[in-house]
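Below is one structure, written out as structure tokens, with a few remarks after it.
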Amino acid sequence: MTVRAMSGGSTRRSFERSTVLVRREDLDPLQSEVTEELTHRAFPEQGRFAVRLALEEAVVNAFRHGNRNQPGKTVTVRLVIDDQEAVFEIEDQGEGFDPACVPDPTLEENIEIPSGRGIMLIKAYMSDVRYLPPGNIIRMVYRRPSPA
Amino acid sequence: MAKSASRLRVTVDESITRVEFVDRNILDEANIQQIGEELMKLVEAGSRPKILISFSGVEHLSSAALGTLIHVHKRLEQRNGQLRLSEINAQIFEVFKITKLNKLFQVFDSTEKALKSFS
Chain F
1 MTVRAMSGGS TRRSFERSTV LVRREDLDPL QSEVTEELTH RAFPEQGRFA
51 VRLALEEAVV NAFRHGNRNQ PGKTVTVRLV IDDQEAVFEI EDQGEGFDPA
101 CVPDPTLEEN IEIPSGRGIM LIKAYMSDVR YLPPGNIIRM VYRRPSPA
Chain U
1 MAKSASRLRV TVDESITRVE FVDRNILDEA NIQQIGEELM KLVEAGSRPK
51 ILISFSGVEH LSSAALGTLI HVHKRLEQRN GQLRLSEINA QIFEVFKITK
101 LNKLFQVFDS TEKALKSFS
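For the protein sequence lines, the chains are F and U, in the order given. Take 1 as the starting number for the first sequence in the working numbering and just add one per residue. Take 1 as the starting number for the second sequence in the working numbering and just add one per residue.
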């Protein structure tokens, strides 16, 4: 189910979506829409790259770790994009988790562990990242860089 | 069910196996799993395999793809093989730097340099 809504913004209307994903593959059309919207609003290439990567990682984590890949459990993506920032909330149907419990994958003893890098990449690329209680919603924001 | 088409372009040049990706975006889990299986077959083929993976044309890559590369690296080490990565674009190389995997892998800016680095 996809719901489209438009609301007022300071310079131009924001772009909003609330989409329920049944499978990871359902993200692909939404990714295309987001990229198109960011391009339309002249977000820099590095910003489009960052958003695509972070959205991918967050949704994959939601299905895999949040929903534990259980059939029937969905992931909801809510997003608002305006001329200054892109805000995403990704909600799974799991019990939530404490991100502080995820081991640092860059430590020498963990560098060869194949998993655990998604959250790190999200934090590196997005301007603001937080988990909403009970930990099954990640809210992440990409802000357009200030002009040099 | 029909087997899906290969996600890799593979050429063997003397003792070195050169690999390129068919896809520009290495994000989809099913694709990444297939890529991992295909790479592992190359790793298991022959003795002391030398594998060069070129990222030419790759625009996006997820942490799941990094995990697959780590698997390949570890298995190659067990088999006394060698792995080189080349032609990683600046944005994707940043992903390697953030995760510090640029220190785990031997990365070269050109295929030529990577080929010369094999011992």
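Yeah, the Cβ is synthetic: ideal placement off N, Cα and C, and Gly gets one too.
query	result
For Val-20 (chain F), count neighbouring C-beta atoms within 10 Å of its own C-beta (all shown protein chains included) and say buried if the count is 16 or more, exposed if not.	exposed
In this structure, does DSSP put Ser-15 (chain U) in helix, strand or coil?	coil
Shorter than 8 Å from the beta carbon of Leu-121 (chain F) to some beta carbon of chain U?	yes
Measure from the C-beta of Thr-106 (chain F) to each C-beta in chain U and report whether the shortest distance is under 8 Å.	yes
Buried or exposed: where does Leu-107 (chain F) fall if 16 or more other Cβ atoms within 10 Å of its Cβ makes it buried?	exposed
Run down chain F in chain order and give the residues with a C-beta less than 8 Å from the C-beta of Ile-70 (chain U).	Glu-112, Ile-113 and Pro-114
Could you name the residues of chain U that Glu-56 (chain F) contacts, counting a contact when the two beta carbons are closer than 7 Å?	Leu-27 and Ser-62
Quick one: does Gly-81 (chain U) have its CB under 8 Å from some CB of chain F?	no
Let me make sure I understand the geometry here. Which of U:Ser-15, U:Glu-14, U:Lys-100 and U:Val-10 has the alpha-carbon closest to that of Ile-35 (chain U)?	U:Val-10
Near Thr-76 (chain F), what residues of its chain come up, given a Cβ to Cβ distance below 6 Å and the 5 sequence neighbours on each side ignored?	Val-20 and Glu-91
Using DSSP bridges, identify the partner residues of Thr-39 (chain F).	Note: Thr-39 (chain F) sits in no beta bridge, so no partner.
Please tell me whether Gln-93 (chain F) has its Cβ less than 8 Å away from any Cβ of chain U.	no
Does the count of Cβ pairs from the region 38–45 of chain F and the region 55–69 of chain F closer than 8 Å reach three?	no
Give a yes or no on whether 8 Å exceeds the smallest Cβ distance from Leu-53 (chain F) to chain U.	yes
With distances taken between CB atoms, is the gap from Ile-7 (chain U) to Asn-25 (chain U) smaller than 8 Å?	The sequence shown places Arg at residue 7 (chain U), not Ile. The answer is no: Cβ separation not under 8 Å.
Ordered along the chain, which non-local residues of its own chain (more than five positions away) have a Cβ less than 8 Å from that of Gln-31 (chain F)?	Arg-52, Leu-55 and Glu-56
Which chain U residues sit within Cβ distance under 7 Å of Arg-78 (chain F)?	Here the premise fails: no neighbours, minimum Cβ distance about 21 Å.
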